[in-house]
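K.L.:
Okay, here's the structure, questions in a sec.
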Amino acid sequence: MADQVEMQDIRGLDIDKAVKGFALTEYIFKNAVTVVNTSADHIRWYQETAADLTATAPMRVANKATLALPTELEVSWTRNTSYVKEYMAQGTISEMDIKSADIDVLARTLLRLTRAVVKQVDTDIYNVASESQTAVNINSVTSNAAWDAASGQDPIEDILEAMQKIEEADYETSGLEIWLSPKDKKSLLTWLISTKGASIPQFASEKVENGVLMTFLGAKVRVSPNVVADSALVLNPKKAVTYRQFTDTTSKIIENPGLNKMIRVWARGIATLTDPKAVTIITNTQT
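Written as structure tokens, this is what we have:
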């Protein structure tokens, strides 16, 4: 069984196992995207042009004459280079605190350091997926009215339009997810229940394990404070984003006998937006 942060053998080598176990449950967006390992400090990757291949008149694909040569079509890619980011935090605890406070100080320091690293990784993944909330290559939808407005809002229409844009780019809808801020989750459910008289959606019991709160319009809903205010994402995360992992979330205790113990937690990796048309950002979700 994986060690929990409260277990006493966290003082020894099992601290790294505890960090990995905690990080696994805390990652919301990293758990959703494609993760591949890399041993390079920089990654060359290609972003395929999403538009359907079409022929330029007078050439055509359909209704070719018998024995006519096929029309030549060309796929295009944009080459990108990304560099691995380092995420690192540490805390120092005196031996007096460790002995007098027993495991609590050590466990809480471990938890908070891990959360600090995890939060930054997930924030970067959201910013990459949303193009830092400024759509250039991804799809975009501007809500007619903020979801927390007094009237005029229609979150379902906004989400369905976002899904439509992904479908029009020929991406599967079976793997779609909706990434919301806690405020937009409240606004969405309040509008559904209070305004439309809908029944309360069924919440996923496994939320603690995989970050999924519920299923809505056939898509998994993930809620995180890392979602930037006034924005929400509808996306196929496995298709859209690849996280290139150089070093998994890792920890180490550095001993300073007679004085203190230093706990260091780190991770290395970079998120890349390989399929931007598998993402739609919804803006103007908040007043």
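With the first letter of the sequence shown counted as 1, position 47 gets the number 1020 in this note's numbering; the numbers rise by one all the way through.
Idealized CB from N, CA, C, for every residue including glycine.
None of the values given here were measured: they were computed from a predicted structure.
1) Please state if the CB of residue 1094 and the CB of residue 1240 are separated by a distance shorter than 9 Å.
2) Which residues share a DSSP beta bridge with residue 957?
3) Three-state secondary structure (DSSP) at residue 1234?
4) Helix, strand or coil, according to DSSP, for residue 1120 in the structure here?
5) Do you know how far the Cα of residue 1146 is from the Cα of residue 1120?
6) Residue 1139: which of 1003, 1027, 1070 and 1252 sits nearest, CA to CA?
7) From what residue to what residue does the beta strand (DSSP E) around residue 1275 run?
8) To the nearest angstrom, report how far apart residue 1131 and residue 1255 are at their CA atoms.
9) Assign residue 990 to one of three DSSP states: helix, strand, or coil.
10) Suppose you measure from the CA of residue 996 to the CA of residue 1087; what does that come to, to the nearest Å?
11) Buried or exposed: where does residue 1052 fall if 16 or more other Cβ atoms within 10 Å of its Cβ makes it buried?
12) Could you check which residue in 1050, 1067 and 1046 has the C-alpha nearest to that of residue 1230?
13) Candidates 1160, 1224 and 1152: which alpha carbon is nearest residue 1193's?
14) Taking a contact to mean a Cβ-Cβ separation below 9 Å, would you say residue 1098 touches residue 1002 in this structure?
15) Which same chain residues, not among the five before or five after residue 1090, have their C-beta less than 8 Å away from its C-beta?
16) Given that a residue counts as buried once 16 or more other Cβ atoms are within 10 Å of its Cβ, and exposed if not, what is residue 1243?
17) Who are the near neighbours of residue 1164 in its chain, counting only those whose CB is closer than 7 Å to its CB and skipping five residues on each side?
18) Identify whether residue 1098 lies in helix, strand or coil by the three-state DSSP scheme.
19) Can you tell me the Cβ-Cβ gap for residue 1155 and residue 1210, rounded? I've got them flagged as a contact below 8 Å.
20) Any beta-carbon of chain C closer than 9 Å to the one on residue 1117?
21) Roughly how many angstroms separate the alpha carbons of residue 1143 and residue 1035, rounded to a whole number?
P.N.:
Answer, in terms of the structure:
1) yes
2) Outside the modelled stretch of the chain, which goes from 974 to 1260, sits residue 957, for which no answer is possible.
3) strand
4) Residue state, collapsed to three classes: coil.
5) Roughly 23 Å between the two C-alpha positions.
6) 1252
7) Residue 1275 cannot be examined here, being either before or after the span of the chain that is shown, 974 to 1260.
8) 7 Å
9) helix
10) Residue 996 and residue 1087: Cα-Cα distance of roughly 7 Å.
11) Answer is exposed; the Cβ neighbour count stays below 16.
12) 1067
13) Closest option to residue 1193, Cα to Cα, is 1152.
14) Cβ atoms of residue 1098 and residue 1002: closer than 9 Å.
15) 996, 1060, 1061, 1062, 1222, 1238, 1239 and 1240
16) By the 10 Å Cβ count, residue 1243 comes out buried.
17) 1120, 1126 and 1128
18) helix
19) About 19 Å separates the two Cβ atoms, so there is no contact after all.
20) The structure shown contains no chain C; it holds only a single protein chain.
21) 19 Å
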